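Since the structure comes first, as structure tokens, the remarks are kept for the end.
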Amino acid sequence: MVMNIDLYEPIVGVPVIGQLRRLGERLKGLKVVHVNSTAEGGGVAEILAWMVPLMTDLGLDARWRVIAGTGDFFAVTKAFHNGLQGYPVVLKKRDWDLYRAVNAENVKSLQGELEEADIVVIHDPQPAPLLELCPRRRGRWIWRCHIDASHPFRAVWKGLKPFVERYDASIFSMCQFAQLLPHSQYLIAPSIDPLSEKNVELDKDELDAVRSQFDLKPDVPVLVQISRFDRFKDPVGVIQAYRMVKKMTPVQLVLAGGGATDDPEGKEILDAVLEAAEGDPDIHVELLPAAAHRTVNALQRIADIVVQKSTREGFGLTVTEGLWKGKPVIGGDAGGIRLQVVDYHTGFLVMTPEGAANRIRFLLHHREQCRRMGETGRELVREYYLLTRHLREYLTLMYALVGGTTEHTVMV
Ligand code: UDP
Numbered sequence: 197m198v199m200n201i202d203l204y205e206p207i208v209g210v211p212v213i214g215q216l217r218r219l220g221e222r223l224k225g226l227k228v229v230h231v232n233s234t235a236e237g238g239g240v241a242e243i244l245a246w247m248v249p250l251m252t253d254l255g256l257d258a259r260w261r262v263i264a265g266t267g268d269f270f271a272v273t274k275a276f277h278n279g280l281q282g283y284p285v286v287l288k289k290r291d292w293d294l295y296r297a298v299n300a301e302n303v304k305s306l307q308g309e310l311e312e313a314d315i316v317v318i319h320d321p322q323p324a325p326l327l328e329l330c331p332r333r334r335g336r337w338i339w340r341c342h343i344d345a346s347h348p349f350r351a352v353w354k355g356l357k358p359f360v361e362r363y364d365a366s367i368f369s370m371c372q373f374a375q376l377l378p379h380s381q382y383l384i385a386p387s388i389d390p391l392s393e394k395n396v397e398l399d400k401d402e403l404d405a406v407r408s409q410f411d412l413k414p415d416v417p418v419l420v421q422i423s424r425f426d427r428f429k430d431p432v433g434v435i436q437a438y439r440m441v442k443k444m445t446p447v448q449l450v451l452a453g454g455g456a457t458d459d460p461e462g463k464e465i466l467d468a469v470l471e472a473a474e475g476d477p478d479i480h481v482e483l484l485p486a487a488a489h490r491t492v493n494a495l496q497r498i499a500d501i502v503v504q505k506s507t508r509e510g511f512g513l514t515v516t517e518g519l520w521k522g523k524p525v526i527g528g529d530a531g532g533i534r535l536q537v538v539d540y541h542t543g544f545l546v547m548t549p550e551g552a553a554n555r556i557r558f559l560l561h562h563r564e565q566c567r568r569m570g571e572t573g574r575e576l577v578r579e580y581y582l583l584t585r586h587l588r589e590y591l592t593l594m595y596a597l598v599g600g601t602t603e604h605t606v607m608v
């Protein structure tokens, strides 16, 4: 895909684009390879889809590679994910062997490119063993952790640490996730692309079409949570909150989400959600195809309140997307949601279904406050969580790693 950074100028202003162009000139031709484990579904794929074309537009030689894995491999790496987010999981020696073996299989086609690269960015634990499998690497390697690693289950971190401590640097989304590692750790929060299908303005006809596609009643407030069906997104907690609200106020709920190819647990969580929904016609549980970006966009715009009641969250792009669309967000008081949801300003942080219900009721009865929170949220995103800030931080970090200074990067 070809993208042009100049198109963002009306949203972020001339100086921001000028600064990116100047950084791009200094890094012209830099060979950068990003590696992750899924081409679609989830926040990492969402980010790489614009980051790589925009780095290319800025003059870098940027590529995105996706490692292939088996069902067993993704079951193991999902256990890493759960473990890093604090869930107790059991991992056997054969799981760690499989982790290495699948990466060894992948390196066969990637080795030349990775060893030649100036910068390699490995996203999350799945491809982390690639570093030790590229002994002739000449560039600098960064491990980018997108997970809420604030309270990792120790056995999992102990097992993963030897794979990541040999990197030249790591990036976390917030300081609470940083770990004891023998290299520099940088803080870079994720961001959204305001011009993507997921976030562009949509006209009323398109919103009406999605409203009727989902069978939503016209005059009843809508709560929307868009998420992979994942235990940490707490979709069952959202249903509980909805039920408490509905006792007193008419409301309807959309819980929509697809899977990611590297997330094998979706089915189990979806079954639990369907059971909790008990066939309530005002709860719309929808499995979305991976490319349903405009549908997600429309649902977030149709929402009166966007919900993201996660109990652990690396960042929560769905929160950013909701705020950008001018919606107040009820977010779980966890991880990166805390960077975005500010009580009484952009939404409310909640810990429990009761707390969520209480805040939803408040918002449904204070429409003017909802509108003001929505405006504040959109400006918060414009200032801090659009892709231009994110690109600037990546480029300055790369500049620092290949011989510049760390002046503009945020270090732990
Ligand atoms: N998403 C989507 N379709 C779905 C579920 C999620 O397009 O069915 C998108 C969502 O809009 C967001 C990203 O996937 O852009 C999820 O990122 P987030 O940081 O919220 O959570 P993650 O899945 O990375 O834990």
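Be aware that the sequence shown starts at 197, since it is given in this note's numbering, and climbs by one per residue.
Note that beta-carbon positions come from the ideal geometry of N, C-alpha and C, so glycine has one too.
No experiment lies behind these values; they were computed from the predicted model shown.
Residue i burial status per 10 Å Cβ neighbour count (16 or more: buried)
i: Ser-305; result: exposed
i: Thr-491; result: buried
i: Val-210; result: exposed
i: Glu-242; result: buried
i: Leu-203; result: exposed
i: His-562; result: exposed
i: Thr-605; result: In this prediction, Thr-605 scores a pLDDT of 48, lower than 50, which makes its location untrustworthy; the coordinate-derived value is nonetheless stated afterwards. Buried: at least 16 other Cβ atoms inside 10 Å.
i: Val-286; result: exposed
i: Arg-218; result: exposed
i: Met-197; result: exposed
i: Ser-408; result: exposed
i: Glu-589; result: buried
i: Gly-225; result: exposed
C-beta atoms of residue i and residue j nearer than 8 Å
i: Ile-343; j: Glu-517; result: no
i: Asp-253; j: Met-199; result: yes
i: Ser-233; j: Gln-322; result: yes
i: Val-416; j: Val-441; result: no
i: Val-228; j: Val-360; result: no
i: Gly-255; j: Gly-220; result: yes
i: Leu-419; j: Leu-383; result: no
For residue i, the nearest candidate out of the options (CA to CA)
i: Gly-510; options: Leu-356, Val-396 and Pro-348; result: Pro-348
i: Gln-421; options: Lys-443, Asp-399 and Leu-451; result: Leu-451
i: Thr-266; options: Arg-334, His-480 and Tyr-295; result: Tyr-295
i: Val-546; options: Thr-584, Arg-568 and Lys-505; result: Lys-505
i: Thr-592; options: Ile-318, Leu-216 and Pro-431; result: Leu-216
i: Gly-551; options: Ala-486, Ile-315, Gly-214 and Arg-439; result: Arg-439
i: Leu-148; options: Ala-553, Pro-284, Glu-564 and Val-396; result: Because residue 148 is not part of the residues shown, which for the chain are 197 to 608, the question remains open.
i: Phe-276; options: Thr-514, Ala-486 and Val-352; result: Val-352
i: Ala-553; options: Val-481, Arg-290, Gln-436 and Ala-468; result: Gln-436
Whole-angstrom distance between residue j and residue i, CA atom to CA atom
i: Asn-278; j: Asp-426; result: 10 Å
i: Ala-385; j: Met-370; result: 7 Å
i: Leu-376; j: Phe-428; result: 24 Å
i: Gly-528; j: Gly-543; result: 11 Å
i: Leu-326; j: Ala-365; result: 15 Å
i: Gly-532; j: Gly-462; result: 22 Å
i: Val-608; j: Tyr-363; result: Its pLDDT being 45, under 50, Val-608 is placed unreliably in this model, and the coordinates cannot settle the point.
i: Ala-271; j: Met-594; result: 33 Å
i: Gln-372; j: Leu-535; result: 11 Å
i: Arg-557; j: Gly-599; result: 54 Å
i: Ala-596; j: Asp-399; result: 43 Å
i: Lys-523; j: Glu-474; result: 28 Å
The stretch 306-316 in contact with the stretch 330-338 per 3-pair CB rule at 8 Å: yes
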